[in-house]
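Scroll down for the structure; my scribbles are underneath it.
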Amino acid sequence: MTNGVFDVAIIGYGPAGVTIANLLGQYGLAVVVFERDDEIYPLPRAIHFDGEVMRVFETLGLRREVEAISRPGLKGMYFNNAAGETILIRAGTSERGPHGCATNHYFHQPELEAVMRHGIRRYPKVQVNCSHEVTSIEDGNEQATLRVKNLLKDDEYEVRAKYVIGCDGARSMVRKLIGSTTLDLGLHQPWLVFDALLKKEVPKLPDHTVQHCDPSRPMTYCNVTGNRRRWEIMIMPGDDEEQLVKPETLWKLVSNWITPEQAEIERAVIYTFHSVIAQTWRKGRLFIAGDAAHQTPPFLGQGMCAAIRDASNLAWKLEAVLRGRFDEGLLDTYESERGPHVHAFIDLAVKLGGIIQTTDADAARERDAKFKKGQPEIFQFPTPQLGPGFWQGKNAPVAQIFPQPMLSNGRLLDVELGLNFAVIGFEDVFNDVSEVTRERWLSHGVVLVPASSSEIQAWLLQNHVRAVMVRPDRYILGTAQSSAELDSISALLPNLVVLAH
Ligand SMILES: Cc1cc2nc3c(=O)[nH]c(=O)nc-3n(C[C@H](O)[C@H](O)[C@H](O)COP(=O)(O)OP(=O)(O)OC[C@H]3O[C@@H](n4cnc5c(N)ncnc54)[C@H](O)[C@@H]3O)c2cc1C
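Residue numbers for the sequence shown follow the working numbering, so the first one is 4 and each next one is one higher.
Now the structure itself:
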């Protein structure tokens, strides 16, 4: 902290807040976090994250801890019709997919948040204040001033920070302060979420996720971790919401799957799923991230994943600007890049919602016939490009996430890269770059990774390039066929040697 001013203040200590706090902590920045609740939010929410998100945990040095409380989901997700026939499949994965791990992982959100909060203890410059509510923020020229209420003592005080990130969830105060309007992508539907704990093995329960697309009662079944199983059940017209959460109704709703003799109820809550994106994510020193910036129906298990991608995109940019290596303009690329990316995921979730939530019997028959004609269609997670921002080029793979191959030394790529920019490619292309590029690489700590492993060579050949430049968040800054092209991409990094003179 300089003169009593934190580098960054984070409001909200859910998945978005705790991920950004870990990333900024790793950079050694002075961070303060405020969370209204005294404990981790206990109700059932996220149960799935993807391989890209596991890489963020890996970057944070928490992969092993996260693996200990999660399980890889190798089989994919099955969309079955009322008769139990599979009409659509989200593809499965191997233990080591393109991200150097499985593509799908299942977990219990409070356990994951506990691991992430434990990770913060490594960073003495990150100060966490639970039971503290931020009540107002004033954005000034040099810093922002936050008014904070200590809910345990009922007193108020002020804190100053150079930047403020509102990770304050769907009802975000920061979003309102920014004056952001909301783009509505059309899906708003209440669902009942019911978590049960098995008392014993129930062999007939699938070990993979099933979207039961039955027009009389659409429902999702998930094997979470250990003995926890989840049913998400669509609320139908005429349902009495008070009755729905009563044990006798819950057991009746899932009677085709399980009985009260086989499991106990952990909890049942009704949520309304939304599909919205805020239209402004930054104003001056204030930013929003996670559910504060966007909400998706959970049919792809992507809400928290998007929050963690926001964290990964914003953290390195804040560090680069705070430490004076980049100018402020870099921070505007946070929304311009992340907005279209999250939009692509929400669009797909809404489309899947249209398939799952069909309640008209004729429409369901038509839907099933369409899918069955070509046998179950298999789809993968999208890998959208970032929106316009800090990258050069036009077509994919530029601005997509770079995979995580194994290196010839047997280590995974991200372990080698840390939080740095990297150039990965054939050595002849590195060797002939200009002196200015070399200086840039040195001053920005760019890591050079020769294409000595067969996995990297295969990727370069498949994409018809000889080198690729990757950002600290693993997204591709640009690709090059020659040293001259590598010079051109590297010129995106400010010339710190010139700046210093
Ligand atoms: C039923 C369901 C299933 C889901 N399944 C998945 C899934 O499988 N995969 C997935 O990726 N996502 C899933 N999600 C979404 C996921 O849970 C959310 O996207 C994620 O929790 C958002 O994290 P966040 O940090 O942005 O917000 P939150 O987790 O909501 O955290 C916001 C925090 O800010 C605090 N706060 C707010 N205002 C203030 C203030 N003024 N001062 C101090 N603190 C404040 C709140 O107390 C809260 O703790 C699911 C959601 C639901 C409801």
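Note that beta-carbon positions come from the ideal geometry of N, C-alpha and C, so glycine has one too.
Item                                                                                                                                                                               : Value
Note down, in chain order, each residue of its chain lying with its Cβ closer than 7 angstroms to the Cβ of Ile23, except the 5 sequence neighbours on either side.                : Ile13, Ile168, Cys170, Ala292, Ala314, Leu317 and Ala318
For Arg48, which residues of its own chain have a beta-carbon under 6 angstroms away from its beta-carbon, when the five flanking residues on both sides are left out?             : Gln112
With H, G and I counted as helix, E and B as strand and the rest as coil, what does DSSP make of Leu445?                                                                           : helix
Under 7 angstroms: does the beta carbon of Met119 sit that close to some heavy atom of ligand 3?                                                                                   : The ligand content of the structure shown is limited to ligand 1, which means ligand 3 is not among them.
Rounded to the nearest angstrom, how far is the Cβ of Asn507 from that of His215, given a contact under 8 angstroms?                                                               : The structure shown has nothing for residue 507, since the chain only spans 4 to 504.
Kindly indicate which residue of Thr228, His447 and Ile261 has the alpha-carbon position closest to the one of Ala425.                                                             : His447
Would you call Ala455 buried or exposed, if buried means 16 or more other Cβ atoms sit within 10 Å of its Cβ?                                                                      : Residue identity check: residue 455 is Ser in the sequence provided, not Ala. Under this definition Ser455 is an exposed residue.
Would you identify the three-state DSSP class for Gly189, choosing helix, strand or coil?                                                                                          : strand
Since Ala402 contacts Gly428 with CB under 8 angstroms, what's their CB separation in whole angstroms?                                                                             : Not confirmed; about 18 angstroms, so no contact.
Among Pro400, Leu422, Gly172 and Gly357, which residue has its Cα nearest to the Cα of His467?                                                                                     : Pro400
Which whole-angstrom value describes the C-beta separation of Ile92 and Gly79, a residue pair presumed to lie in contact below a C-beta threshold of 8 angstroms?                  : 5 angstroms
Asn398 by DSSP, collapsed to three states: which one?                                                                                                                              : coil
Compare the Cα-Cα distances from Leu253 to each of Gly241, Ile311 and Glu235 and report the closest residue.                                                                       : Glu235
Pull up the distance between the alpha-carbon of Leu396 and that of Lys179, whole angstroms please.                                                                                : Correcting the residue type first, residue 396 is Gly in the shown sequence and not Leu. The straight-line gap from Cα to Cα measures roughly 35 angstroms.
Buried or exposed for His121, going by 16 or more other Cβ atoms inside 10 Å?                                                                                                      : exposed
Using the rule of at least 16 other Cβ atoms within 10 Å of the residue's Cβ for burial, across every protein chain shown, is Ala366 buried or exposed?                            : exposed
How many Å lie between Ser493 and Glu55 at the Cα?                                                                                                                                 : 25 angstroms
Please name the residue in Leu149, Pro193, Ile43 and Lys320 whose C-alpha comes closest to that of Glu331.                                                                         : Lys320
Within the present structure, is the beta-carbon of Asp171 separated from the nearest heavy atom of ligand 1 by less than 7 angstroms?                                             : yes
What is the rounded straight-line gap between the Cα of Lys373 and the Cα of Leu188?                                                                                               : 25 angstroms
Taking 8 angstroms as the threshold (C-beta atoms), are Phe290 and His135 in contact?                                                                                              : no
Please report the Cβ distance between Ala117 and Ile43, rounded to the nearest whole angstrom; I am assuming they are in contact, meaning their Cβ atoms lie under 8 angstroms.    : 6 angstroms
In chain order, which beta strand (DSSP E) runs of at least 3 residues are fully inside the region 126 to 177?                                                                     : 129 to 133, 135 to 142, 147 to 153 and 158 to 169
Mapping DSSP to helix, strand and coil, what is Tyr368?                                                                                                                            : Here the sequence assigns Arg to residue 368, which means Tyr is not the residue at that position. Reduced to three states, the DSSP call for Arg368 is helix.
Going by beta carbon distance, what residues of the same chain come within less than 7 angstroms of Ser411, once the five residues before and after it are set aside?              : Ser455 and Ser456
Sort Val473, Pro475, Met472 and Glu458 by Cα distance to Gly103 and report the nearest one.                                                                                        : Glu458
Roughly how far, in whole angstroms, is the beta-carbon of Thr275 from the beta-carbon of His346, given that I think they are within contact range, below 8 angstroms?             : That pair is no contact at about 20 angstroms.
Is Gly396 near ligand 1, with its Cβ less than 7 angstroms from a heavy atom?                                                                                                      : no
What separation, rounded to the nearest whole angstrom, lies between the Cα atoms of Leu333 and Pro193?                                                                            : 39 angstroms
Measuring only the C-alpha atoms, how far is Met472 from Ser486?                                                                                                                   : 12 angstroms
Within the same chain, show all residues whose beta-carbon is closer than 8 angstroms to that of Asp294, passing over the 5 residues directly before and after it, in chain order. : Gly17, Ala19, Gly172, Ala173, Ser175, Gly306 and Ala310
For Gln146 versus Val34, is the C-beta distance shorter than 8 angstroms?                                                                                                          : no
The alpha helix (DSSP H) spanning Gly356 covers which residue range?                                                                                                               : Thr336 to Ile359
Look at Ile359 and Tyr478 and say whether their C-beta atoms are less than 8 angstroms apart.                                                                                      : no
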